[in-house]
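To start, the structure under review is shown below, and the notes come after it.
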Amino acid sequence: MKATTSYWMGWMAAAVCAAGLAAVGAAEDPGTAKEQFIPLLVYRTGPYAPNGTPWANGKLDYLKLINARDGGVNGVKLTYEECETEYKADRGVECYERLKGKGPTGAALFDPQSTGITFALTERAPVDKIPLITVGYGRSESQDGDVFMWNFPLLGTYWTAADVLMQHIAKKEGGLDKLKGKKIALVFHDSPYGKEPIPMLEEGARARGFELIKIPVTPPGVEQKSVWLQVRQQHPDYVLLWGWGVMNSTALKEAQATAFPRDHLLGVWWSGAEPDVKDVGEGAKGYSALTIQYGAGLSKVHQDIFKYVHDKGQGTGPREEVGTVLYNRGMLIQMLSVEAIRGAQERFGKGKPMTGEQVRWALENLNLDQKRLDALGFGEMLKPVRTSCFDHVGASYARIQTWDGSRWVPGEMYEANQQIITPMARSAAEAYAASKKITPRTPQECRA
Amino acid sequence: MLYRENGQFKTSYAADRQLLPIAQDRWLMIALVASSFVAVPLLAGDYALRALIIPFLILAIAAIGLNILVGYCGQISLGSAGFMGVGAYVAFNLTVRVPQLNFLLVLLLSGTSAALVGMAFGIPSLRIKGLYLAVATLAAQFFLDWAFTRVRWFTADSPSGSVSTNPIDLLGWRIERPIDKYLLVLGIVCLLTLAAKNLTRSHIGRAWMATRDMDVAAEIIGVRPLTAKLSAFAVSSFYAGVAGALWGFVHLGSWEPAAFGVVMSLNVLFMIIIGGLGSMVGSFFGAAFIVVLPLLLNRLPAALGIDLSTTMKSHMESMIFGGLIVLFLAIEPLGLARLWAIGKQKLRVWPFPH
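And the structure:
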């Protein structure tokens, strides 16, 4: 038989298929007993990589720090694996399915690093009993823990961010009543992430009397000429930027090109990091953005990171990245995760790996006071956090920071007005519960 | 030697015209279907079902649909994901607004709506061909993308634009576990594949193939171009709509408009190109290739003991994927189905070379 190319191609194809199915379907080694597995969903490629990478590096460095400095949590070493999601929901779900069962007790908790992926995982997490920790993103109504038992938007949601931005604009104008008649434009990433603040802003527009102009930007947001032309035509007093990845830097470049005053441009905490403004530099001077309580800077915990991780050559990213806005946020998120694991161990057995359900309990009963935060090295970075059954946010402060051309200068701290937000979250959560036929928990069930 | 049809004499026209004239083929098909319904649920794990087999089956439906349009009728379409989206959103709206409907009826209706939309966007095919038609269908894709993002009625006024579905309840059978989902999708795939195979062997299929081969000559001998082309668009979009509804309800559970973007359209097109244009089994091969290969490329470095960063793995995936597509098209342009046919032919004359 003549061995044509097709002949060899056929055998090659068959061999590859066999090897592939074996590799993909292979069972994973469950691991030794004293390990806690933490899955890491990241995006280090694609248009969102400039912002996703420092976030992931911060998380990874903190995990390495806990293992190196403390030997894990009460002797239980933290194992981890990264999975690339490219900020896509279907890949995020595939990574979740692949990683959820790893480790002796399964994955401790998931930080999807994306609101889109959070929406997709909110359906699956309750079934698999793994909590989702979505610090400063995710579904805004998931702060209501009675309905969203497994979602934890700690430290703030998009509704708290929108409220703080409205408070800041009011302060600049001289009072909440001065908002009447103003025009505020929202330039948002046309995805669940960008659309999240709209209900809150529409409520604010109705209550305070300003006009809200919604201008969507098609993801990934590299093309914004028409968007900023619209901004120029509408002449808003303020523009709120709700972007991610390259959309942020493009927006600032376009704002500079259309001469929109940068000090009237305000960004959410995902639009206020170094990758967004570094390219524009002086052109973004005066641009302000929110941070989740702490922006860029070095604190006590960073000294430990340098000592135990970077000086030993174990640093995930470059040394200069330590202390940047998104790196710090990643560290913060991982610190909350580790403290939840620690809290779970206090209740369910010190020195043992925890299951997702146990970590969920700990996330719901998180009580980090100033003393504990100081001991962890986060004393300057975070105000005390206290979650409860009903309140899955824990603290809703946000600080404004302003770019002065070369660095972020911290401004004042605001607290979101939970009087408005909590009832809105409650009604949205109840609507979700009705559509999904979930019964909200009662206070008695909570105390269990 | 094993595959010859020696002694298999057909004594009726029906026997001569059957789908699988060779007895060994019939046995193989029975074994395949039986093992799919019985062995796979027993042997495959949850992850394999969820991440490999169910997406493979659903995308196979979409690939069959596009193969009918591109492979059998010769009309290039880059809008298949848009039609999948139509099916998904219509199914979502029906389950939300008319919850009493049986899910199979919902699938039928979503497929039909996708077929109507497909026919509407197929009208340009009566005037334009080839690359220009591809661009027109790409415009359909983008229009549908825009419609699902901007027209709030489609997402039932969801503020985030993201929709989520409840588990399907089929006359008391609650479809929640991967096994239930697998069996539902498998049943639908079997039915639709049979339907497609029969369609392509009928006079409609011959009209499609005549249009593909030389549409002017086809028109001269009496094949109506309007009927042929629009029916191809209708059937193809029906399959895409059903696939989209299953993709949204069974595989994703919750999706945003970006899930049915142009990348998905291109993926389905790659499936049929690599699998083999104008071949039913080719659609399955292509779907398997596209679903399994990225996961395989992700796991292979770890399986071989090579430690790569996630960035490197992701880049290598793209590079190898693209490289393999180019390789396949260069070496065997007729796709994996052609390799399969060559393999079968070799088996027929084995152990002789020819």
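Chains as they are written, first to last, in the working numbering: chain A, 6 to 453; chain B, 997 to 1350. Backbone N, C-alpha and C define an ideal beta-carbon position, used for all residues, glycine too.
Contact set for ALA32 (chain A): own chain, Cβ-Cβ below 7 Å, skip 5 residues either direction: Along the first sequence, read from residue 1 onward, the residue named residue 32 (chain A) stands at position 27. Annotation note: pLDDT 49 at ALA32 (chain A) (below 50); position unreliable, coordinate value reported separately. Counting only Cβ-Cβ distances below 7 Å, and skipping sequence neighbours, we find nothing.
Spatial distance of ARG103 (chain A) from ALA1044 (chain B) (CA atoms): Residue 103 (chain A) sits at position 98 when you count from the first residue of the first sequence. Residue 1044 (chain B) sits at position 48 when you count from the first residue of the second sequence. When rounded, the distance between both Cα atoms is 10 Å.
Residues that TYR486 (chain A) bridges to, as DSSP identifies them: Only positions 6 to 453 of chain A appear in this structure, which leaves residue 486 (chain A) out of reach.
Presumed contact (8 Å Cβ cut-off) between TYR1235 (chain B) and GLY1061 (chain B), rounded CB distance: The residue labelled residue 1235 (chain B) in the question sits at position 239 within the second sequence. The residue labelled residue 1061 (chain B) in the question sits at position 65 within the second sequence. Confirmed, about 3 Å.
is_contact[ASN1089 (chain B), chain A] using C-beta, thresh 8 Å: As a first step, residue 1089 (chain B) is located in the second sequence; it is residue number 93 there, counting from the start. Closer than 8 Å: no.
Three-state class that DSSP yields for ALA32 (chain A) in the structure shown: The residue given as residue 32 (chain A) occupies position 27 in the first sequence. The predicted position of ALA32 (chain A) is uncertain, since its pLDDT is 49 and thus under 50; a value taken from the coordinates is nonetheless stated next. Residue state, collapsed to three classes: coil.
Residue range of the alpha helix (DSSP H) that includes LEU1101 (chain B): As a first step, residue 1101 (chain B) must be located in the second sequence, where it is residue number 105. In the DSSP assignment, LEU1101 (chain B) falls within the alpha helix (DSSP H) that extends over 1099-1118.
Beta carbon proximity, PRO988 (chain B) to chain A, threshold 8 Å: No statement about residue 988 (chain B) is possible, as the shown extent of chain B runs from 997 to 1350 and does not include it.
Sub-8 Å separation of SER1250 (chain B) and VAL1131 (chain B) beta-carbons: Residue numbering aside, residue 1250 (chain B) sits at position 254 when the second sequence is read from its first letter. Residue numbering aside, residue 1131 (chain B) sits at position 135 when the second sequence is read from its first letter. No, these two residues do not count as a Cβ contact at 8 Å.
Positions along the stretch 1040-1062 of chain B whose CB lies within less than 9 Å of some CB in chain A: Answer in chain order: ALA1040, GLY1041, ASP1042, TYR1043, ALA1044, ARG1046, ALA1047, LEU1048 and PRO1051.
Residue interval of the beta strand (DSSP E) (run including CYS88 (chain A)): The residue you call residue 88 (chain A) lines up with position 83 of the first sequence. Taken as a continuous stretch (DSSP letters only), the beta strand (DSSP E) holding CYS88 (chain A) covers 82-89.
Residues, ordered as in the chain, of the stretch 47-72 of chain A that lie near chain B by beta-carbon distance below 7 Å: In summary, the residues of the stretch 47-72 of chain A whose CB is separated from some CB of chain B by less than 7 Å are VAL47, ARG49 and THR50, in the order they occur in the chain.
Contact with chain A by LYS1309 (chain B), beta-carbon distance below 8 Å: As a working mapping, residue 1309 (chain B) is identified with position 313 in the second sequence. Yes, because at least one Cβ of chain A sits closer than 8 Å to the Cβ of LYS1309 (chain B).
Length of the line joining the Cα atoms of LEU1332 (chain B) and PRO266 (chain A): Along the second sequence, read from residue 1 onward, the residue named residue 1332 (chain B) stands at position 336. Along the first sequence, read from residue 1 onward, the residue named residue 266 (chain A) stands at position 261. Going by the C-alpha atoms only, they are around 58 Å apart.
Any C-beta of chain A under 8 Å from that of ALA1255 (chain B): Indexing the second sequence from 1 puts residue 1255 (chain B) at position 259. Yes, contact with chain A.
First and last residue of the uninterrupted beta strand (DSSP E) at MET418 (chain A): Start at 1 with the first residue of the first sequence, and residue 418 (chain A) comes out as number 413. Under the DSSP assignment, MET418 (chain A) falls in the beta strand (DSSP E) whose first and last residues are 413-420.
Chain-order list of residues whose beta-carbon lies under 7 Å from that of THR110 (chain A) (same chain, five-residue window excluded): Locating residue 110 (chain A) in the first sequence gives position 105, where the first residue counts as 1. Contacts found: PRO358, MET359 and THR360.
Interface positions of the stretch 1224-1248 of chain B facing chain A (Cβ-Cβ less than 9 Å), listed along the chain: Legend: CB atoms of the stretch 1224-1248 of chain B lying less than 9 Å from CB atoms of chain A belong to residues HIS1247 and LEU1248.
VAL364 (chain A) versus GLY1201 (chain B) - alpha carbon distance: Numbered from 1 along the first sequence, position 359 holds the residue referred to as residue 364 (chain A). Numbered from 1 along the second sequence, position 205 holds the residue referred to as residue 1201 (chain B). Approximately 58 Å between the Cα atoms of the pair.
C-alpha distance - ALA1056 (chain B) paired with LEU1100 (chain B), whole-angstrom precision: Within the second sequence, residue 1056 (chain B) is the residue found at index 60, counting from 1. Within the second sequence, residue 1100 (chain B) is the residue found at index 104, counting from 1. Going from the Cα of ALA1056 (chain B) to the Cα of LEU1100 (chain B) covers about 19 Å.
Burial state of VAL1181 (chain B) (16 or more Cβ within 10 Å): As a position in the second sequence, residue 1181 (chain B) is number 185, starting the count at 1. Buried, because 16 or more other Cβ atoms sit within 10 Å of the Cβ of VAL1181 (chain B).
MET1025 (chain B), buried or exposed, once every other Cβ within 10 Å from all chains shown has been counted against 16: Working through the second sequence from its first residue, we reach residue 1025 (chain B) at position 29. With fewer than 16 Cβ atoms within 10 Å of its Cβ, MET1025 (chain B) is classed as exposed.
GLY121 (chain A): contacting residues in chain B (beta-carbon distance under 8 Å): Position 116 of the first sequence, counting from 1, holds the residue named residue 121 (chain A). Near GLY121 (chain A) (Cβ distances below 8 Å), the residues of chain B are SER1158, GLU1252 and ALA1254.
Those residues which DSSP pairs with HIS173 (chain A) across a bridge: Position 168 of the first sequence, counted from the start, is the residue given in the question as residue 173 (chain A). BP columns for HIS173 (chain A) are empty, so no partner.
Span of the beta strand (DSSP E) around TRP408 (chain A): Indexing the first sequence from 1 puts residue 408 (chain A) at position 403. Here the beta strand (DSSP E) through TRP408 (chain A) covers 402-408.
Of the listed residues B:PRO1163, B:ARG1148 and B:GLN1004, nearest to PRO1174 (chain B) (C-alpha basis): The residue labelled residue 1174 (chain B) in the question sits at position 178 within the second sequence. In this structure, B:PRO1163 is the residue among B:PRO1163, B:ARG1148 and B:GLN1004 with its C-alpha nearest to the C-alpha of PRO1174 (chain B).
Chain-ordered chain B contacts of ALA94 (chain A) [CB-CB under 9 Å]: Along the first sequence, read from residue 1 onward, the residue named residue 94 (chain A) stands at position 89. At a C-beta separation below 9 Å, ALA94 (chain A) has these neighbours in chain B: SER1158, LEU1248, SER1250, TRP1251, GLU1252, ALA1254 and ALA1255.
Beta-carbon proximity check, ARG49 (chain A) vs THR1306 (chain B), cutoff 8 Å: In the first sequence, residue 49 (chain A) corresponds to position 44, counting from 1. In the second sequence, residue 1306 (chain B) corresponds to position 310, counting from 1. Their beta carbons are under 8 Å apart, which means ARG49 (chain A) touches THR1306 (chain B) by this criterion.
Which listed residue (A:LEU45, A:GLU86, A:LEU381 and A:LEU70) has its alpha carbon closest to that of LYS305 (chain A): Mapped onto the first sequence, residue 305 (chain A) falls at position 300. With distances taken between Cα atoms, LYS305 (chain A) lies closest to A:LEU381.
Residues bridged to GLN442 (chain A) (per DSSP): In the first sequence, residue 442 (chain A) corresponds to position 437, counting from 1. First, the residue type needs correcting, since residue 442 (chain A) is Lys and not Gln in the sequence shown. LYS442 (chain A) is bridged by DSSP to nothing; it lacks a bridge partner.
Exposure label - SER440 (chain A); buried when at least 16 CB within 10 Å: The residue labelled residue 440 (chain A) in the question sits at position 435 within the first sequence. SER440 (chain A) should be labelled exposed.
Contact residues within the stretch 184-205 of chain A, judged by C-beta distance below 8 Å to chain B: Within the stretch 184-205 of chain A, contact with chain B at the beta-carbon level (separation under 8 Å) is assigned to ASP195, SER196, PRO197, LYS200, GLU201, ILE203 and PRO204.
Closer than 8 Å to chain B by CB, ALA436 (chain A): Taking the first residue of the first sequence as 1, we reach residue 436 (chain A) at position 431. Chain B contact via Cβ: absent.
Same chain only: Cβ atoms within 6 Å of ALA421 (chain A), ignoring 5 sequence neighbours per side: Mapped onto the first sequence, residue 421 (chain A) falls at position 416. Excluding the 5 residues flanking it on each side, ALA421 (chain A) has same chain C-beta neighbours closer than 6 Å at THR165, ASP168, VAL169 and SER401, in chain order.
Whether TYR1 (chain A) touches GLY121 (chain A) by CB criterion (8 Å): There is no way to answer for residue 1 (chain A), as the model of chain A reaches only from 6 to 453.
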